[in-house]
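Chain order of the listed sequences is A and B. For reference, each letter of the first sequence is one residue, going 11 to 191 in our numbering. For reference, each letter of the second sequence is one residue, going 18 to 330 in our numbering. C-beta: ideal position from N, C-alpha, C; glycine also.
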Amino acid sequence: MAFQSKQSMTSSHDRTDAAQGIEGVLLANRDRIIRFLEVRGAGDAAEDLFQDLWMRLTDRRTGPIAEPLSYVMRAANNLMLDRYRSARQSELRDKAWGEASAQHSPSTEASLISREQLALVETAIAAIGERPARIFRRFRVDGIHQRDIANELGVSLSTVEADLRKVYATLTAIRRQFDAG
Amino acid sequence: MQADATNAAAEARAIDWLIRQRDPDFADWDGFSDWLSEDSGHAAIYDAIASFDQDLDALPRTPAAPGMPLRGEQPRRPSRRAWFGGAIAAAFVGVIGVSSLGLFGDPNRIETAAGEHRTVTLADGSRIEINGGSVVEVDKDRPRFARLESGEAMFHVVHREGDPFVVEAGANRIVDLGTAFNVVRRARQTSVAVSEGVVLYNPDRDNVRVVAGKGLDARDDDNNAPAVKDVDIASVGGWRTGLLVYNGTPLSVVAEDLKRTAGMQVSIAPEAADLSFRGALIVDNDRGRTIADLAALSGTKAERQGDGWILTR
Chain A
11 MAFQSKQSMT SSHDRTDAAQ GIEGVLLANR DRIIRFLEVR GAGDAAEDLF
61 QDLWMRLTDR RTGPIAEPLS YVMRAANNLM LDRYRSARQS ELRDKAWGEA
111 SAQHSPSTEA SLISREQLAL VETAIAAIGE RPARIFRRFR VDGIHQRDIA
161 NELGVSLSTV EADLRKVYAT LTAIRRQFDA G
Chain B
18 MQADATNAAA EARAIDWLIR QRDPDFADWD GFSDWLSEDS GHAAIYDAIA
68 SFDQDLDALP RTPAAPGMPL RGEQPRRPSR RAWFGGAIAA AFVGVIGVSS
118 LGLFGDPNRI ETAAGEHRTV TLADGSRIEI NGGSVVEVDK DRPRFARLES
168 GEAMFHVVHR EGDPFVVEAG ANRIVDLGTA FNVVRRARQT SVAVSEGVVL
218 YNPDRDNVRV VAGKGLDARD DDNNAPAVKD VDIASVGGWR TGLLVYNGTP
268 LSVVAEDLKR TAGMQVSIAP EAADLSFRGA LIVDNDRGRT IADLAALSGT
318 KAERQGDGWI LTR
């Protein structure tokens, strides 16, 4: 999962006592995590999803983790996003079923947008302007920190933030178009 | 409209969270949790945007060299027309021979209603794409001439050595040297943006040379030659596909463009008249969405007013 590799980038921070482990964090913060799952859209299913999260996190061997609570919360957030995406996928599958009963993989890794749509996204990003498009690419595609992008381009951090917001606002408008279509 | 404005605000917050959470050190999960609990709709808004963001993992890693993202990639643009589908519901794009224009009264005068788009092909193969709310005059006896009386048009000119194509806008003349360019004629102002080739602006007076990727805004009462500025080639004539891109443009001008391009009535309250707008605007099927985006990105509030909207501060 994506968050695993991200987490390894922060491993220079304080290490957790291995004995405490991820299970200890899950237990100690059970109420907090369940509340998060509830407001994150799980509603009454939050308790069940806490079990899912437990399975996900205790199943796999991970090295020592800095900020284990953040790690768990991020995992909970990703769990909810995965659920949203697989629900969207079956929705799209049901829609397409009448037209052509193509086989879709139920994987959450699959993309929900087509190549044509991705090309439109690229066009729209380029159309916003050279600097915002470049900043967005460095941030979203190359995974560079905002502060490093600011240094690299010789602009202020607030310019980087404003450009990112601008690009994302446009992308949100485009997403609605895809949805409406 | 109220709901739209609220949604736009929630979307902006969701975007902020998403951007912050991309930082691996992000730790404010309680703050995120608080925001989600403010409104039961927030989770769905966040999911929709975060899910779309995840799909962007498929964006190619190596970016195109900046400044030349779109030239020579023509097939992409027309395909966007399919995406907008009925976005420009009133628009119809057809090829009309000049001779058949007699149906519309003066055979040399082409007038479009707000939101109506029309393409005219001239005898020499040059094409004029005319935005809504515009008047273009052509002349049977002068095949290499067109006059933009008012409004906006994109010219795709077939180059002929020694026989330049001339576009008149107000008292100004734009002389092509084999090009595609967009011209807007507003009250007492002419704007030119070039996406291919070169044009000369008022060769016998200002003689300003405008190459691809450049443009100019000239006021009728300004006696100096207008300054050439950079424009984004990808967004020249963006009205044709419903993507309007601005870089510090007064809201009143944006409102004019929306009227022409989509037939939308947008007025700007006096206290918001000085605001300028940066960003890309999509002419949405749901016009309320376009207005909500404009309001959110310009820091104004949108309210319905008659058949249209008013932006206030």
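Beta carbon proximity, residue 60 of chain A to chain B, threshold 8 Å: no
8 Å Cβ cutoff met for residue 168 of chain B and residue 277 of chain B: yes
Listed by chain order, chain B residues near residue 83 of chain A by CB distance under 7 Å: 46
Residue range of the beta strand (DSSP E) that includes residue 173 of chain B: 162-173
CB contact check: residue 38 of chain A to chain B, cutoff 8 Å: no
DSSP state of residue 314 of chain B mapped onto helix, strand, coil: helix
Best match in B/182, B/239 and B/229 for proximity to residue 246 of chain B [C-alpha to C-alpha]: B/229
Start-to-end residues for the alpha helix (DSSP H) that takes in residue 157 of chain B: That residue, residue 157 of chain B, is in no alpha helix (DSSP H); it is neither H nor E in DSSP.
Host beta strand (DSSP E) of residue 202 of chain B (start-end): 197-203
Residues near residue 189 of chain A by beta carbon distance below 6 Å, same chain, minus five either side: none
Extent of the continuous beta strand (DSSP E) to which residue 207 of chain B belongs: 206-213
First through last residue of the alpha helix (DSSP H) which encompasses residue 161 of chain A: 156-163
Reduced DSSP secondary structure (H/G/I, E/B, other) of residue 322 of chain B: strand
Endpoints, the alpha helix (DSSP H) within which residue 48 of chain A is located: From DSSP, residue 48 of chain A is part of no alpha helix (DSSP H); its letter is neither H nor E.
Cβ-based burial, residue 162 of chain A [other Cβ within 10 Å; buried from 16]: exposed
Buried versus exposed, by CB contacts within 10 Å (16 or more), residue 157 of chain A: exposed
Counterpart residues of residue 294 of chain B in DSSP-defined beta bridges: B/266
Simplified DSSP assignment, three categories, for residue 74 of chain B: helix
One or two residues paired with residue 232 of chain B in a DSSP bridge: B/210 and B/246
Backbone CA spacing between residue 94 of chain A and residue 77 of chain B [nearest angstrom]: 25 Å
Test: residue 76 of chain B CB closer than 8 Å to a CB of chain A: yes
Backbone secondary structure at residue 88 of chain A - three-state DSSP: helix
Boundaries of the beta strand (DSSP E) in which residue 193 of chain B is found, first to last residue: 189-193
C-beta contact flag for residue 300 of chain B and residue 138 of chain A at 8 Å: no
Rounded separation between residue 77 of chain A and residue 134 of chain B - CA only: 57 Å
Residue 298 of chain B classed as buried or exposed, judged by whether at least 16 other C-beta atoms fall within 10 angstroms: buried
At least 3 beta-carbon pairs within less than 8 Å: the segment 283-293 of chain B vs the segment 308-328 of chain B: yes
Start-to-end residues for the alpha helix (DSSP H) that takes in residue 300 of chain B: Premise fails: residue 300 of chain B is in no alpha helix (DSSP H) and is neither H nor E.
Segment limits, alpha helix (DSSP H) that includes residue 132 of chain A: 125-138
Residue environment, residue 117 of chain A, which counts as buried when at least 16 other CB atoms sit within 10 Å: Note on residue 117 of chain A: pLDDT 47, under 50, position unreliable in the model; the coordinate value appears next. Exposed, since its Cβ has fewer than 16 Cβ neighbours within 10 Å.
Same chain, Cβ closer than 7 Å to residue 170 of chain B, neighbours up to 5 away in sequence not counted: 145, 146, 147, 148, 151, 153 and 200
Interface flag, residue 119 of chain B vs chain A, CB-CB below 8 Å: Bear in mind that a pLDDT of 37 at residue 119 of chain B, under 50, signals an unreliable position, so the model cannot answer this.
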